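Undergrad:
In our numbering, the protein residues as written are 25 to 206.
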């Protein structure tokens, strides 16, 4: 395990930046995202590019949350994990600041991420022991609603999003557990 919390957070940010976009590409390739064809008046008004950007931003929230879950799974929740989470977010923010083509303010992105973290966290906490098996599907369903908005999510999107999310959680957990100690 990477012992230094800041190094752990930066390593996880590199993992996220490498895999988050690739997993989103898998979502796009699945054909379950309604980003290519405007099928309602509201989607037609915003256009397919806006729909794709919206879905990417929602995936960004969901995949960031998966990485945070992975950090907690790897080291429990304590001061060191909190410091690693802060370093993770700072490293991702630094990357975003270097991207002049982002097309959205950092504050707007932070607000959306905070709202989604609250929602996804509440879903996880509401599961308890009896609902643990359904947390993946419930998280996937919430993400699917956001990914597809303002449309209804396509059949199968919740399951795919939830599965990709869990794979990212597991990958993030392993990434910080098996890394060389610093």
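Here a beta-carbon is modelled for each residue, glycine too, at the ideal position from N, C-alpha and C.
Here the structure is a predicted model, which is why all the values come from computation and not from measurement.
#1: Using the C-alpha atoms, what's the distance from residue 160 back to residue 33?
#2: Looking at residue 130: is its Cβ nearer than 8 Å to the Cβ of residue 117?
#3: Is the distance from the Cβ of residue 184 to the Cβ of residue 43 below 8 Å?
#4: Quick check: residue 186 and residue 163, are their CB atoms within less than 8 Å of each other?
#5: Thinking just about the alpha-carbon of each residue, which of 121, 141, 178 and 54 is nearest to the one in residue 91?
#6: In three-state terms, what does DSSP make of residue 129?
#7: Any idea if residue 177 is buried or exposed, counting beta-carbon neighbours within 10 angstroms, 16 or more meaning buried?
#8: Suppose contacts are defined by Cβ-Cβ distances below 8 Å. Is residue 58 in contact with residue 150 by that definition?
#9: I need the DSSP call for residue 176, collapsed to helix, strand or coil.
#10: If the criterion is Cβ atoms closer than 8 Å, does the pair residue 115 and residue 37 meet it?
TA: For this structure:
#1: 24 Å
#2: yes
#3: no
#4: yes
#5: 141
#6: coil
#7: buried
#8: no
#9: coil
#10: yes
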